[in-house]
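First up is the structure itself, then whatever we jot down about it.
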DNA sequence: ATACTTACTTACATAAAGTAACCTTATTAC
DNA sequence: GTAATAAGGTTACTTTATGTAAGTAAGTAT
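Residue numbers (this note's numbering), protein chains in the order written: chain A, 1 to 114; chain B, 1001 to 1114.
Have a look at this one:
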């Protein structure tokens, strides 16, 4: 009846960025270009899903994939301008989580990761 | 080996907010308190999932549920302080989508929703 | 009594995510 | 040459989440 519906751009953007793992992958890449196994280890995501998400994000123009034919081959993932432009979103998200989120249980699994 | 892993608070926050529909529901409630069917219509989400998400968000302390025993009963959902504190995140997200996202196809389905 | 509305639930089919094993190319170790 | 190692995946399979449709309960309205 009125403008109760959501802006379709916003909806589309949210669908891309808020897909499971996508946000964490982008956040991780905001730290700088990284290779597959680095992201895999940092996020504890499976190779299957990481591969899938990176392809999707590359397709959306958010992530860039660079192949360095060294030995062994090095493949680095980084953010495009479009991806880096998400930095303020994640900065605000970090602020929010630092103020409002607290952890429940198992705070001390591995002393090294403190 | 080093601090390559993600801040667990950030991860938890992302898990809550970036769950499918959660972001859009919060964004919708940032416009003001609303009842179930209003959100359902605005987001085109099914009752089943809306019910599920609202319960989860209520459990996380982001959404508040108020029952007004009028006739017929009116139930309003609104954001708590924790929920409203997400406003800057969505403001930045809106900025990003307005600059970087463009729509593909079917731009003119219903002239009323323009 | 029947129909209507809001706010949900239940049941079931489909899609996405999680897990583990396997593959490919290349390099060094024996 | 054969085995072992490594990066960057892919395949096959199980579990969980999502989508869809129909049904329920409380409270009028007719």
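Built from N, CA and C at the ideal position, the CB exists for glycine as well.
query: Does any CB atom of chain A fall closer than 8 Å to the CB of residue 1043 (chain B)?
result: yes
message: Comparing C-alpha positions only, which one of A:7, A:8, A:24 sits nearest to residue 86 (chain A)?
response: A:24
message: Buried or exposed, going by whether 16 or more other CB atoms sit within 10 Å of the CB of residue 103 (chain A)?
response: exposed
task: Identify which residue in B:1059, B:1022, B:1062 has its Cα closest to the Cα of residue 1043 (chain B).
output: B:1022
task: Measure the CB-CB distance between residue 1051 (chain B) and residue 1064 (chain B) and report whether it falls below 8 Å.
output: no
task: Return no unless some Cβ of chain A is closer than 8 Å to the Cβ of residue 1033 (chain B).
output: no
Distance CB(residue 88 (chain A))-CB(residue 1092 (chain B)) smaller than 8 Å: yes
- request: Could you check if residue 59 (chain A) is buried or exposed, using at least 16 other CB atoms within 10 Å of its CB as the buried criterion?
  value: exposed
query: Taking the alpha-carbon positions, what's the residue 39 (chain A) to residue 55 (chain A) distance?
result: 14 Å
message: Three or more C-beta pairs under 8 Å: does that hold for the segment 27-37 of chain A against the segment 1066-1080 of chain B?
response: no
message: Beta-carbon within less than 6 Å of residue 1016 (chain B)'s beta-carbon, same chain only, minus the 5 sequence neighbours each way: which residues are those?
response: 1060
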